[in-house]
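Q:
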Ligand SMILES: *[C@@H]1O[C@H](CO)[C@@H](O)[C@H](O)[C@H]1NC(C)=O
Ligand SMILES: *[C@@H]1O[C@H](CO)[C@@H](O)[C@H](O)[C@H]1NC(C)=O
Ligand SMILES: *[C@@H]1O[C@H](CO)[C@@H](O)[C@H](O)[C@H]1NC(C)=O
Ligand SMILES: *[C@@H]1O[C@H](CO)[C@@H](O)[C@H](O)[C@H]1NC(C)=O
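Numbering (mature numbering (1 follows the signal peptide of the UniProt record, and there is no 0)), first residue to last: -16 to -1, 1 to 348.
Here you go:
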């Protein structure tokens, strides 16, 4: 019903502006002008629990935002669930089908699977919203109609090492050097065929070093793992040989340090968020998006990070780098047939990802 009204309004507008709405069934929206306190007051008038699907592969990936949002807005009820983006999007799509388009299973969704957002926008499943900090978000990371917003920059390809097992001065900054004999049995890497951003990293490696690199890497007796958090956690432990990874996310363990590759291309991408149009709690959903994009959260959420979707926090300029292109992953993800071909190239060599779901393991 709501959708029909929007489309009708759009149709009238379309008549007046020669086809504006052909591509998108929403009227243009302005940038949020209310203070976050005023949005909070509006949110408090809504009943229910805000459902947030938060892409990640360790429960701890949601801990920071849950704690901060709870502290800042104690009277808002919300349920933030961490799961792999590829499962959150599948669940949203299935709920949409089984509810006959009444429900997407979440009010807000923040994911790595960037290809979903243009598709959902096209299907009129997203509620356009431009947070107050809209003009500070770099254009390539946001939808011009406000349907989705790049919230922060994710990064893979950083080299992590355990200072005790492999001191900084012994750890190379080129992936090729990890094929040397001293790294045998000591590499922990995430399966490229379990996470599309890790897959993209391995496609960059193959383009640069060829398939012989992968064959040599496999003969190094790599420990392949599910979950991008798992390699760093294992490296942090004193009782095994695993010392380095270049396909993992960071850990809080003080013993694990990191450095960027100096010759190889690494992966960055905008972790992207949107509000589903089916939400019954639009003000609370807007409050959540506003908070994620606020100075307050952006300043503390990723200590040490030099990249951000917001100009103000993008210290090193993620769009200006020679060794990473945050839009490369966005382009890669749009062509699913190509993604699948690459995935099965790696699966042919490595087999299917083995091990329990990283969300269930007890390594942490
Ligand atoms: C939060 O949402 C998840 C996923 O929908 C559900 O499994 C869980 O029971 C919910 N938790 C609470 C406390 O409602
Ligand atoms: C392969 O590496 C693992 C992890 O370091 C080690 O436990 C195992 O003994 C190694 N296997 C061989 C055959 O060297
Ligand atoms: C590793 O050593 C290099 C060169 O001395 C230095 O610039 C860098 O800060 C060190 N990194 C870590 C994590 O200690
Ligand atoms: C990135 O490059 C643009 C265009 O040259 C420039 O305006 C901007 O200041 C640079 N950003 C950083 C953080 O260096």
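By construction, the Cβ of each residue, glycine as well, lies at the ideal position given by its N, Cα and C atoms.
Give the C-beta separation of residue 120 and residue 294 to the nearest angstrom, bearing in mind that I take them to be a contact with Cβ-Cβ under 8 Å.
A: Indeed, because the Cβ distance is near 5 Å, the residues count as touching under 8 Å.
Q: For the alpha helix (DSSP H) holding residue 133, just list the boundary residues, first then last.
A: Per DSSP, residue 133 belongs to no alpha helix (DSSP H); it is in the beta strand (DSSP E), 133 to 140.
Q: Between residue 45 and ligand 1, is the CB less than 6 Å from at least one heavy atom?
A: Residue 45 Cβ: outside cutoff for every heavy atom of ligand 1.
Q: Per DSSP, what kind of secondary structure is residue 67 in: helix, strand or coil?
A: Residue state, collapsed to three classes: strand.
Q: Using a Cβ distance threshold of 8 Å, determine whether the segment 97 to 115 contacts the segment 128 to 145, with at least three qualifying pairs required.
A: Enough Cβ pairs lie closer than 8 Å, so yes.
Q: Locate the beta strand (DSSP E) running through residue 206, then write down its first and last residues.
A: No beta strand (DSSP E) holds residue 206; DSSP gives it neither H nor E.
Q: Listed in chain order, which residues are found with a beta carbon closer than 6 Å to a heavy atom of ligand 6?
A: Looking for ligand 6 in the displayed structure turns up nothing; the ligands present are ligand 1, ligand 2, ligand 3 and ligand 4.
Q: So is residue 351 buried or exposed if we call it buried at 16+ other beta carbons inside 10 Å?
A: Any question about residue 351 goes unanswered here, given that the chain covers just -16 to 348.
Q: Could you name the residues, in chain order, whose CB is less than 6 Å away from a heavy atom belonging to ligand 3?
A: Any residue whose Cβ sits closer than 6 Å to a heavy atom of ligand 3 makes the list: 152, 241 and 243.
Q: In chain order, what residues of the same chain lie with their CB nearer than 8 Å to the CB of residue 63, ignoring the 5 residues before and after it?
A: Result list for residue 63: 33, 34, 35 and 36, in chain order.
Q: If you run the structure through DSSP and keep just helix, strand and coil, what is residue 146?
A: Looking at residue 146 - three-state DSSP - the assignment turns out to be strand.
Q: Do residue 173 and residue 229 come within 7 Å of each other at the CB atom, strictly closer than that value?
A: Yes. Within cutoff.
Q: If you reduce the DSSP assignment to three classes, tell me which class residue 198 lands in.
A: If DSSP states are grouped into helix, strand and coil, residue 198 belongs with the helices.
Q: Pick from 314, 160, 267 and 331: whose alpha carbon is nearest that of residue 194?
A: Checked all of 314, 160, 267 and 331; the closest Cα to residue 194 is 160.
Q: Taking the alpha-carbon positions, what's the residue 359 to residue 30 distance?
A: Nothing about residue 359 can be read from this structure; the chain reaches only from -16 to 348.
Q: Would you call residue 81 buried or exposed, if buried means 16 or more other Cβ atoms sit within 10 Å of its Cβ?
A: Burial call: exposed.
Q: Would you mind stating whether residue 227 and residue 152 have Cβ atoms separated by less than 7 Å?
A: Going by C-beta atoms, residue 227 is not nearer than 7 Å to residue 152.
Q: What does a CB cutoff of less than 6 Å around residue 269 pick up in its chain, not counting 5 residues either side in sequence?
A: 91, 92, 259 and 263.
Q: Within the segment 60 to 127, note down every full alpha helix (DSSP H) run reaching 4 residues or more, in order along the chain.
A: Qualifying alpha helix (DSSP H) stretches, in chain order: 69 to 82 and 100 to 106.
Q: Which of helix, strand or coil does DSSP assign to residue 13?
A: Residue 13 falls in the coil class under three-state DSSP.
Q: Can you round the beta-carbon distance between residue 330 and residue 205 to whole angstroms, since I take them to be within the 8 Å contact cut?
A: Not confirmed; about 17 Å, so no contact.
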